[in-house]
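Q: Protein chains in written order, with our numbering: chain A, 54 to 406; chain B, 54 to 406; chain C, 54 to 406; chain D, 54 to 406. Glycine included, every Cβ here is placed at the ideal spot set by N, Cα and C.
There are 4 protein chains.
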Amino acid sequence: MTEKTIKVGIVGGTGYTGVELLRLLAQHPHCELRAITSRKEAGMPVAEMFPNLRGRVSLRFSEPAASGLDQCDVVFFATPNGVAMQEARVLVDAGVKVIDLAADFRIRDVAVWEQYYKMKHACPELVAEAVYALPEINRAEIKKARVIANPGCYPTAVQLGFLPLIEAGCVDVGHLIADAKSGVSGAGRKAETHILHAEAADNFKAYGVGTHRHQPEIAQGLVRAAGKPVGLVFVPHLTPMIRGIHATLYARLTDSAKASMTASGLQALYEKRYAGEAFVDVMPAGSHPETRSVRGANQCRIAVHQPQGGDTVVVLSVIDNLVKGAAGQAVQNMNILFGLAEDTGLTQVALLP
Amino acid sequence: MTEKTIKVGIVGGTGYTGVELLRLLAQHPHCELRAITSRKEAGMPVAEMFPNLRGRVSLRFSEPAASGLDQCDVVFFATPNGVAMQEARVLVDAGVKVIDLAADFRIRDVAVWEQYYKMKHACPELVAEAVYALPEINRAEIKKARVIANPGCYPTAVQLGFLPLIEAGCVDVGHLIADAKSGVSGAGRKAETHILHAEAADNFKAYGVGTHRHQPEIAQGLVRAAGKPVGLVFVPHLTPMIRGIHATLYARLTDSAKASMTASGLQALYEKRYAGEAFVDVMPAGSHPETRSVRGANQCRIAVHQPQGGDTVVVLSVIDNLVKGAAGQAVQNMNILFGLAEDTGLTQVALLP
Amino acid sequence: MTEKTIKVGIVGGTGYTGVELLRLLAQHPHCELRAITSRKEAGMPVAEMFPNLRGRVSLRFSEPAASGLDQCDVVFFATPNGVAMQEARVLVDAGVKVIDLAADFRIRDVAVWEQYYKMKHACPELVAEAVYALPEINRAEIKKARVIANPGCYPTAVQLGFLPLIEAGCVDVGHLIADAKSGVSGAGRKAETHILHAEAADNFKAYGVGTHRHQPEIAQGLVRAAGKPVGLVFVPHLTPMIRGIHATLYARLTDSAKASMTASGLQALYEKRYAGEAFVDVMPAGSHPETRSVRGANQCRIAVHQPQGGDTVVVLSVIDNLVKGAAGQAVQNMNILFGLAEDTGLTQVALLP
Amino acid sequence: MTEKTIKVGIVGGTGYTGVELLRLLAQHPHCELRAITSRKEAGMPVAEMFPNLRGRVSLRFSEPAASGLDQCDVVFFATPNGVAMQEARVLVDAGVKVIDLAADFRIRDVAVWEQYYKMKHACPELVAEAVYALPEINRAEIKKARVIANPGCYPTAVQLGFLPLIEAGCVDVGHLIADAKSGVSGAGRKAETHILHAEAADNFKAYGVGTHRHQPEIAQGLVRAAGKPVGLVFVPHLTPMIRGIHATLYARLTDSAKASMTASGLQALYEKRYAGEAFVDVMPAGSHPETRSVRGANQCRIAVHQPQGGDTVVVLSVIDNLVKGAAGQAVQNMNILFGLAEDTGLTQVALLP
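Right, here's the structure in full:
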């Protein structure tokens, strides 16, 4: 497969997932970037907007219509919610693989999607077909997909953290708590007051308690793993850093698990679950993963704790929201789709300090 | 009482609680700062170490022995743990009120204290006498105290957040969760690698899961409020900001409360509990308090949520760890001790942005 | 004068200079805040937008027309450039003192103003009358003014830093260099991409080299002090902090000064120039003032250096851009206008850490 | 050359230049990391101290004596100043190439070195032999060197910025000004109070005016380029970010240059000087390079300005202090030494945001 070159298009590359995709694809040995579209910035060299790409990406933003996306092997949508559902159909019909980094194809229940995203879904039949692509759960399905719903950032960190417990059936899935903290890039590259440096720096706050759009996405994944309804309280927070998500997860052991499960049993459960996974690192017992340990890397690091030997399990899960939480996972999914080694182009070491 | 001037001494003023005490006392209308001691820095003008005090504090650090602390009306200990317990006895016997900003007199069970603080307690009999001084619980006791144990920063934010629920008996006190986030000044002004700017900036991590010293302090306060044993999982995190604590608290409604309690009932419960409190602000329903809204101010802001109308109550509680979580609360306690209006010298408006 | 209460109005209080004015006025003993206007936010409680003001400012934003500004003693314009010039005339005619925190009345040469601010000036005759109000230069004029042009943030830091050298005639005024660094709040509370946290944090850049609007304002002030034309290279930079300006100034000693001037002579020159000034602090020889030493305080701290005893003088000057660089200086000017002690309501100690 | 593997040792890898070297070498296709020494941490897995290296570097810190450094092809010293001069001799005699990232071999005048570094030099004869290795000046010499003095971070940014002007002889070299700003990692991974997060965040200050150790290093390089004495005022500042240096340089055109040189002439001068350089990027006229555009990348980006068409040239030069200012440049020098393509292992794209 090494001789193959994948022809890649990107729709809407002016946001953070866009520039991050470009950073990764510029270092990917088997990709050829064919087009990156932006109606608003058509004609501007990409490297003028993102100077880190000077000398590495020579493309200009182009008009979608004139970009030859249907000649690509794969098209990434790094667009706001609601765009991919309008444009994916045509590409799929042309035999182009579609990877949507937004939320259009993530929620299988279209009514729930429409409630949370406050718009009518333009393409429910592709929702039914699309694969929610968290490789650590379902890489076999991903391999055959035509439409990839790339998971959200919080959902990636929270699901990877909870899965071993839920799959093992050892916790009360009716009362799961996910207390999650995100860097400000998670809010996107949008001109909004509340994410200005002078507002968000040296400040910490929760937001969207009880209303955040990632709640149903996470719940859907946990239900799938549990095989029954789950109760999830999800509280996201904004923390004054650029990149990174730290999810602190709380679950209570079932009565039967309480009798048998120990801290070392929990540790073994996690190590076994992720033994073959290149991008999930179960840290030694007693660890506290730091977000900077995955900065710029396609990696999730997890530690599991049982404070005071009690019945509450605490899981700490960190990712870079723009990499394993977005663009890196999208490239990982592309590698799976095209039969490449899963870590092709994804071997960057995290930047620390 | 307005004509009275309180003679104040500070032991160990080279840390962050020390400089913060100086900032507040320099603006207090009824205090006269008589001495600030530091063996290591004796002779150095305080304003040379802390240039924000130039023109406002003319004192030099002095040798403890030569500082006439026994001539003061009140002495604050802004020292590491283990100092006040050595020196308080003499001052108390000389009729000097003692306010300890460290942990020496906070835990009534000396064995627990010795286990968590890893030293032998030098003065258990003053522990028995000392008042754990969270004014919103026990200002009557504070008024009569000779030794004040000023609460810790996390314990202040967490207790003020949980108290209304626990006092009302409407939650399962056997399974309380406090997910708390602190700015880096909470670690003190110590030359340690992990709190360097290049380590702690743009990074987020949990620490001390299951082992933090504030766990027993918080638990003690919650037990007192509940009148029975409590189960508390406390997970502290380090967040890249200078000041501020954000506590996100989770409690499950009891079966009986579940039937009757609504979001507006919770809101009313909190508003009523803190109706007369100058320094606790219950925000409108649906709010998300920000740490910067209390930066530099002696204030706790609280919001209460019931996500999806479920049985888990989420409380958000913010303070400035150096003010309501340390020096400001110490001044508040001094005001109570000396019969001043509780907000004397504590009317600074938070610095935003 | 203590019994007098000044009736205050604010036009346009939704930006950072607005909230900072409110913070200071809420602590001012002789002010009564009568109205704060915002067309866009009319009806919203001020404390809802700025939660640090909860419990301290009970006013709502109001429609300008219905706000009774002409009944005030003084009206502050905390508006974008181009507003005060439209509305000041009416107020002045009604006997109301006007203090403009924007740039409308700062540049005496209207043609230069129009070139840099890219609009036609609506009220040139008030420009002629207005007083450029840097109290350390011209408090006598300020006392009698009807229209106050409150200086810009960079111009305050740079002028206070250069003045002693220029007034003493000891440097080559044809080749002055001001390398200035500002926190991000200096760009205002505007929804613009480049000042997002994820763009401006952990980043440093120059901007507006050769084109910044504060260049002519600074030059005008230096010309006035020098009594002859000056050459000024002004390079502003954006530094990842919320508040603070640090100006690093370079000037070359004239040949005659070179022969006589020493480092201690420079130190004496600065100390003498600012001997009576409450808000300018000349630090000891060899000092490096930090922006945090003035965070939240109406203070300028200055140090003067002569590296390697050479002919280049280096001056370091720091202010909080929102206080001595904007709202604090505006209150200082109000105090002068109304015959109050100049530091009334301006005795806050800087917040450190 | 692709079949060759370079055997690499690192002395003292517990600081920031150490972990950065490891990050780069872990991604270098022709290196085999043989040993990394630390007396203090011997036995600890490197990835335990630096969790970003988990799964990528399996080595443990080892005792220097038992590390077989003399069997390596090249040994990097990522040590404090004063170590390499003690240990380089033996390695050089064993035929091992030495690359010192500290300052031991940078200053050819040993007396000056001893004055600034406050210690006696242990190995003056290697100073005479060592090559000060800024590849953009002297890669031919580097190729033949046995001892490489890897330039300092400020000196790299400042020299690359000034060189075209000085080599062209168009500025007054008697009066050069370098106003430089560094992220906090430049101070190293040392437990010192002034670089704590709570001290250095949200703060800006100059330091070491007139006394910084990089002054003579920079001056030495500029003298070499000018062929005559130079006058340099160097003012370093600490800016609240982790990585990055921004040097703002000021030079006055000579009278003859003033007559002929224009902004576009300056632009052409820079573009020509660095035309063949992979790691120096001359940005388009009017640009303002940002430090984040080189974060994690071995790159220097430069822009040149002539404000108001006057006689002062302003050059803006940015690097990542840990990459082009330290570890990246060291790897670049290693590549030159061993005949590899100069960008081998150095093609990382900067992390933005």
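#1: Between D/Ala254 and chain A, is the shortest Cβ-Cβ distance under 9 angstroms, so that the two count as touching?
#2: Please name the residues in the segment 239 to 270 of chain D whose beta-carbon is closer than 7 angstroms to at least one beta-carbon of chain B, in chain order.
#3: Using only alpha-carbon positions, find the residue among C/Leu187, C/Glu178, C/Val163 and C/Val180 that is nearest to C/Met172.
#4: Which parts of the segment 127 to 169 of chain A are runs of the alpha helix (DSSP H), unbroken and 4 residues or longer, counting only runs that do not cross its ends?
#5: Report the residues of the segment 74 to 94 of chain A with a CB closer than 9 angstroms to any CB of chain B, ordered along the chain.
#6: Assign C/Glu94 to one of three DSSP states: helix, strand, or coil.
#7: Quick one: using the 10 Å Cβ neighbour count with 16 as the cut-off for buried, is B/Lys5 buried or exposed?
#8: Can you look up B/Ile271 in the DSSP assignment and give me helix, strand or coil?
#9: How far does the beta strand (DSSP E) with D/Val64 in it reach, from first residue to last?
#10: May I have the straight-line CA-CA distance separating D/Gly108 from B/Arg242, to the nearest angstrom?
#11: Whose C-alpha, out of B/His247, B/Gln382 and B/Leu216, is nearest the C-alpha of B/Asn351?
#12: Going by the CB atoms, is the gap between C/Arg159 and C/Ala181 shorter than 9 angstroms?
#13: Rounding to the nearest angstrom, what Cα-Cα distance links B/Thr55 and B/Leu393 in this structure?
#14: For the segment 205 to 292 of chain A, which segments carrying the alpha helix (DSSP H) assignment without a break, of at least 4 residues, lie completely within its bounds, in sequence order?
#15: At what residue ranges does the segment 325 to 360 of chain C contain a whole run of the beta strand (DSSP E), taking only runs of 3 or more?
#16: Buried or exposed: B/Lys281, going by 16 or more other Cβ atoms within 10 Å of its Cβ?
#17: Would you say C/Asn191 reaches chain D, if we count a Cβ-Cβ gap shorter than 9 angstroms as a contact?
#18: Can you confirm whether D/Val237, when its beta carbon is compared against all beta carbons of chain B, has any partner nearer than 9 angstroms?
#19: Residues of chain B with CB under 8 angstroms from D/Gly293, in chain order?
#20: Go through its chain and collect everything with a Cβ distance to B/Thr292's Cβ below 7 angstroms, but skip five positions before and after it.
#21: Which residues, taken in chain order from the segment 291 to 319 of chain A, show a beta carbon closer than 8 angstroms to some beta carbon of chain E?
#22: Specify the secondary structure class of B/Leu302 as computed by DSSP and reduced to three states.
#23: Given 8 angstroms as the limit, tell me if A/Asn374 has its C-beta closer than that to any heavy atom belonging to the ligand SAH.
#24: Please state whether DSSP places B/Leu369 in a helix, a strand or coil.
#25: Taking Cβ positions only, does A/Gly66 come closer than 9 angstroms to chain C?
#26: Does the Cβ of A/Gln168 have 16 or more other Cβ atoms within 10 Å, making it buried, or fewer, making it exposed?
#27: Got a sec? Which residues, its chain only, sit under 7 angstroms from C/Asn374 by beta carbon, not counting five neighbours each side?
#28: Let me make sure I understand the geometry here. Which of B/Glu245, B/Phe103, B/Asp396 and B/Pro342 has the alpha-carbon closest to that of B/Cys353?
#29: Can you confirm whether B/Ser115, when its beta carbon is compared against all beta carbons of chain C, has any partner nearer than 9 angstroms?
#30: Using beta carbons (cut-off 9 angstroms, strictly below), is A/Leu322 in contact with chain B?
#31: Can you give me the start and stop residues for the alpha helix (DSSP H) that B/Ala380 sits inside?
#32: Do A/Leu179 and A/Val200 come within 9 angstroms of each other at the CB atom, strictly closer than that value?
#33: Could you tell me whether the segment 213 to 233 of chain C touches the segment 324 to 342 of chain C, where touching means 3 or more Cβ pairs closer than 8 angstroms?
#34: For a quick check, are the C-beta atoms of A/Val371 and A/Pro360 less than 9 angstroms apart?
#35: Can you name the start and end residues of the beta strand (DSSP E) that B/Val200 belongs to?
#36: Quick one: using the 10 Å Cβ neighbour count with 16 as the cut-off for buried, is B/Gly71 buried or exposed?
A: Short version:
#1: For the purposes of this step, residue 254 of chain D is identified with residue 201 of the fourth sequence, where counting begins at 1. Closer than 9 angstroms: yes.
#2: Arg242, Ala244, Glu245, Thr246, Ile248, Leu249, His250, Ala251, Ala253, Ala254 and Asp255
#3: Here the question's residue 172 of chain C lines up with position 119 in the third sequence. Of the listed residues, the one whose Cα sits closest to C/Met172 is C/Val163.
#4: 137 to 146
#5: none
#6: Taking the first residue of the third sequence as 1, we reach residue 94 of chain C at position 41. C/Glu94 falls in the coil class under three-state DSSP.
#7: The structure shown does not extend to residue 5 of chain B, since chain B is modelled only from 54 through 406, so no value can be given for it.
#8: For the purposes of this step, residue 271 of chain B is taken as the residue at position 218 of the second sequence. Note: B/Ile271 maps to helix in three-state DSSP.
#9: As a position in the fourth sequence, residue 64 of chain D is number 11, starting the count at 1. Here the beta strand (DSSP E) through D/Val64 covers Ile59 to Val64.
#10: Residue mapping note: residue 108 of chain D aligns to position 55 of the fourth sequence, counting from 1. Residue mapping note: residue 242 of chain B aligns to position 189 of the second sequence, counting from 1. Near 34 angstroms, if we compare the C-alpha coordinates of B/Arg242 and D/Gly108.
#11: Looking up residue 351 of chain B in the second sequence gives position 298. Among B/His247, B/Gln382 and B/Leu216, the Cα nearest to that of B/Asn351 belongs to B/Gln382.
#12: The residue given as residue 181 of chain C occupies position 128 in the third sequence. The residue given as residue 159 of chain C occupies position 106 in the third sequence. No, these two residues do not count as a Cβ contact at 9 angstroms.
#13: Position 2 of the second sequence holds residue 55 of chain B. Position 340 of the second sequence holds residue 393 of chain B. In this prediction, B/Thr55 scores a pLDDT of 48, lower than 50, which makes its location untrustworthy; the coordinate-derived value is nonetheless stated afterwards. Straight-line Cα distance between these residues: approximately 8 angstroms.
#14: 206 to 220, 250 to 253 and 267 to 279
#15: 333 to 335 and 353 to 358
#16: As a position in the second sequence, residue 281 of chain B is number 228, starting the count at 1. It counts as exposed.
#17: In the third sequence, residue 191 of chain C corresponds to position 138, counting from 1. So, not an interface residue.
#18: Position 184 of the fourth sequence, counted from the first residue, corresponds to residue 237 of chain D. True, the Cβ-Cβ gap to chain B drops below 9 angstroms.
#19: Within the fourth sequence, residue 293 of chain D is the residue found at index 240, counting from 1. Note that residue 293 of chain D corresponds to Pro in the displayed sequence, not to Gly. Correct list: His250 and Ala254.
#20: Here residue 292 of chain B is taken as the residue at index 239 of the second sequence, counted from 1. Counting only Cβ-Cβ distances below 7 angstroms, and skipping sequence neighbours, we find Lys234, Ser235, Gly236 and Phe257.
#21: Going by chain labels, chain E is absent from the structure shown, which instead holds the protein chains A, B, C and D.
#22: By one-based count along the second sequence, residue 302 of chain B stands at place 249. Residue state, collapsed to three classes: strand.
#23: Within the structure as shown, the ligand SAH is missing, as the structure has no ligands at all.
#24: In the second sequence, counting from the first residue as 1, residue 369 of chain B sits at position 316. Correct three-state label for B/Leu369: strand.
#25: For the purposes of this step, residue 66 of chain A is taken as residue 13 along the first sequence, with counting starting at 1. Judged by the 9 angstroms Cβ criterion, A/Gly66 is not in contact with chain C.
#26: Within the first sequence, residue 168 of chain A is the residue found at index 115, counting from 1. Its Cβ having fewer than 16 others within 10 Å, A/Gln168 is exposed.
#27: Here residue 374 of chain C is taken as the residue at index 321 of the third sequence, counted from 1. Taken in chain order, the residues that qualify are Cys206, Ser235, Gly236, Ser238, Gly239, Arg296, Gly297 and Ile298.
#28: On the second sequence, residue 353 of chain B is found 300 positions in, with the first residue counted as 1. When each option's Cα is compared against that of B/Cys353, the closest is B/Pro342.
#29: Numbered from 1 along the second sequence, position 62 holds the residue referred to as residue 115 of chain B. Not closer than 9 angstroms to any Cβ of chain C, the Cβ of B/Ser115 fails to qualify, so no.
#30: Counting from 1 along the first sequence, the entry for residue 322 of chain A is found at position 269. False, the Cβ-Cβ gap to chain B never drops below 9 angstroms.
#31: One-based indexing of the second sequence puts residue 380 of chain B at position 327. Careful: B/Ala380 lies outside any alpha helix (DSSP H) and carries neither H nor E.
#32: Indexing the first sequence from 1 puts residue 200 of chain A at position 147. Indexing the first sequence from 1 puts residue 179 of chain A at position 126. It is a contact, given that the beta carbons lie within the stated cut-off.
#33: yes
#34: Taking the first sequence and counting its residues from 1, one reaches residue 371 of chain A at position 318. Taking the first sequence and counting its residues from 1, one reaches residue 360 of chain A at position 307. Contact flag unset, no.
#35: Working through the second sequence from its first residue, we reach residue 200 of chain B at position 147. That run of the beta strand (DSSP E) goes Val200 to Ala202.
#36: Position 18 of the second sequence, counting from 1, holds the residue named residue 71 of chain B. B/Gly71 should be labelled buried.
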